[in-house]
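2 protein chains.
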Amino acid sequence: MNIGEVAKISGVSAKMIRKYEDSGLVPKAKRNVSGYRSYSENDVHSFRFIKTARSLGFSLKDIKELLSLWKNKKRASSNVKKIAQIHIEQLELKVNEINTMLNTLKHLTKNCHGDDRPECPILDSLSE
Amino acid sequence: MNIGEVAKISGVSAKMIRKYEDSGLVPKAKRNVSGYRSYSENDVHSFRFIKTARSLGFSLKDIKELLSLWKNKKRASSNVKKIAQIHIEQLELKVNEINTMLNTLKHLTKNCHGDDRPECPILDSLSE
DNA sequence: GTTGACCTTCCCCTTTGGGGAGGGTTTATG
DNA sequence: CATAAACCCTCCCCAAAGGGGAAGGTCAAC
Chain A
1 MNIGEVAKIS
11 GVSAKMIRKY
21 EDSGLVPKAK
31 RNVSGYRSYS
41 ENDVHSFRFI
51 KTARSLGFSL
61 KDIKELLSLW
71 KNKKRASSNV
81 KKIAQIHIEQ
91 LELKVNEINT
101 MLNTLKHLTK
111 NCHGDDRPEC
121 PILDSLSE
Chain B
129 MNIGEVAKIS
139 GVSAKMIRKY
149 EDSGLVPKAK
159 RNVSGYRSYS
169 ENDVHSFRFI
179 KTARSLGFSL
189 KDIKELLSLW
199 KNKKRASSNV
209 KKIAQIHIEQ
219 LELKVNEINT
229 MLNTLKHLTK
239 NCHGDDRPEC
249 PILDSLSE
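Residue numbers (the working numbering), protein chains in the order written: chain A, 1 to 128; chain B, 129 to 256.
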């Protein structure tokens with residue numbers, strides 16, 4: 001398979017497939033006589049894995065480890081779980097951070113008239 | 129005031145003060161004879177404004193508009209409120225996205241033994 | 001035998017910070 | 001007065017995860 005077909009069926013763009021290769025996330029693809037990258041079904045499977053992991057917010061660094069564990073049939077599931085749990089903690093921190101912002105922002109906008117007068121508690125709060 | 133003092137009392141690093149100037153977020157600072165940037169109390173106020181707005185997650189593009197509205201005594205508060213509301217919507221989208229990830233991740237990790245055996249529903253799910 | 005759809009590499013851009021080099025200035029201390 | 005520390009300057013590089021697009025080679029279909 002050429003890169004375009006892999007992109008289509010894996011959902012990972014050709015651009016990113018090349019980047020993942022450059023960054024060492026996936027091994028270098030074989031090339032055909034004219035220099036085109038050539039892929040197997042297995043490669044497609046890997047790109048789907050990456051795609052799904054990205055959709056769960058895992059970083060490429062995490063995904064590199066996850067791919068390696070996935071391919072290692074002697075892995076310990078504890079290693080996978082650890083990565084996931086750390087990721088969960090990070091996401092929870094981020095959610096809390098955003099919710100704190102939202103609480104403040106909602107409070108401020110509620111008190112802003114939002115008309116053509118200049119008085120504005122939002123700006124007041126920012127300039128305090 | 130030199131940039132270092134402004135950085136200390138505004139909480140914005142000297143590095144970022146220069147970048148904000150480069151990017152046009154704040155006007156170019158005056159220079160003294162030796163080329164050092166020279167600031168007033170008013171400038172400090174602006175950097176505090178920026179710092180607070182950043183802590184609420186506003187982008188620099190938004191902050192540029194907010195600064196301009198802040199300095200315009202004939203502004204309409206509706207323009208400020210609009211920026212805040214759009215920002216709130218974006219943050220809510222992000223929170224929802226992260227919560228979706230968290231739901232999936234928590235479900236998967238709950239079902240992962242996390243011991244030295246290789247079976248792992250997390251990897252199973254990623255490779256589906 | 002040409003055109004269009006592929007593929008290649010290479011470089012640039014986004015966003016919001018930070019690190020550090022290389023070199024000039026100011027201030028404090030001996 | 002000299003020197004060292006603490007500033008300041010500009011310029012370039014880095015992160016993360018994508019995307020855009022140029023310039024040029026290849027393949028397939030008509």
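Where is the CB? At the ideal position from N, CA and C, for every residue including glycine. Note that the structure is a prediction, hence the values are computed from the model and not measured.
Residue ranges of each alpha helix (DSSP H) within the stretch 139-206 of chain B, 4 or longer: Whole alpha helix (DSSP H) segments, 4+ residues: 142-150, 169-183 and 188-199.
Does the stretch 164-179 of chain B come close enough to the stretch 135-149 of chain B that 3 or more CB-CB pairs lie under 8 Å? Here the stretch 135-149 of chain B lies against the stretch 164-179 of chain B, with 3 or more beta-carbon pairs under 8 Å apart.
Could you tell me which chain A residues have their CB closer than 8 Å to the CB of GLU220 (chain B), listed as they occur along the chain? Within chain A, the residues near GLU220 (chain B) are LEU102.
So the alpha helix (DSSP H) PRO121 (chain A) belongs to, where does it begin and stop? Per DSSP, PRO121 (chain A) belongs to the alpha helix (DSSP H) from 121-126.
Please name the residue, chosen from A:LYS51, A:ILE3, A:LEU69 and A:SER34, that lies closest to LYS15 (chain A) on a Cα-to-Cα basis. The closest CA to that of LYS15 (chain A), considering only A:LYS51, A:ILE3, A:LEU69 and A:SER34, is found on A:ILE3.
Helix or strand or just coil, what does DSSP make of HIS107 (chain A)? In the three-state reduction of the DSSP assignment, HIS107 (chain A) falls in the helix class.
Local conformation of GLY4 (chain A) per DSSP, three classes: Reduced to three states, the DSSP call for GLY4 (chain A) is helix.
Min CB distance ILE250 (chain B) to chain A below 9 Å: Yes, ILE250 (chain B) lies at the interface with chain A (some Cβ there is under 9 Å from its Cβ).
Contact belief for ALA84 (chain A) with LEU230 (chain B) at Cβ below 8 Å, rounded distance in angstroms: Not a contact, Cβ separation roughly 11 Å.
Under the rule that 16 or more other beta-carbon atoms within 10 Å means buried, what is LEU195 (chain B), buried or exposed? Counting other Cβ atoms within 10 Å of its Cβ, LEU195 (chain B) reaches 16 or more and is therefore classed as buried.
Secondary structure of HIS241 (chain B), DSSP reduced to three states: Shown here, HIS241 (chain B) sits in coil according to DSSP, grouped into three states, outside any helix or strand.
Distance, ASP252 (chain B) Cα to ILE88 (chain A) Cα: Near 18 Å, if we compare the C-alpha coordinates of ASP252 (chain B) and ILE88 (chain A).
Within 10 Å of its beta-carbon, does ILE214 (chain B) have 16 or more other beta-carbons around it, so buried, or fewer, so exposed? Of the other Cβ atoms in all chains shown, fewer than 16 fall within 10 Å of the Cβ of ILE214 (chain B); this residue is therefore exposed.
Neighbour list for VAL208 (chain B) in chain A, Cβ cutoff strictly below 7 Å: Against chain A, the beta carbon of VAL208 (chain B) has neighbours under 7 Å at CYS112, CYS120, ILE122 and LEU123, listed in chain order.
LEU108 (chain A), buried or exposed, once every other Cβ within 10 Å from all chains shown has been counted against 16: Buried is the call here.
Does any residue of chain A have a CB that is nearer than 9 Å to the CB of ASN227 (chain B)? Chain A has a Cβ within less than 9 Å of the Cβ of ASN227 (chain B).
Exposed unless 16 or more other CB atoms sit within 10 angstroms - verdict on ILE137 (chain B): Exposed, by the Cβ-count rule.
Hey, ARG51 (chain A) and GLY114 (chain A) are a contact pair by Cβ (cut 8 Å); roughly how many whole angstroms apart? Note that residue 51 (chain A) is Lys in the sequence shown, not Arg. LYS51 (chain A) to GLY114 (chain A), Cβ: 42 Å. No contact.
Of all the CB atoms in chain B, is at least one closer than 9 Å to the CB of ASP115 (chain A)? Taking Cβ atoms only, chain B reaches closer than 9 Å to ASP115 (chain A), which makes this a yes.
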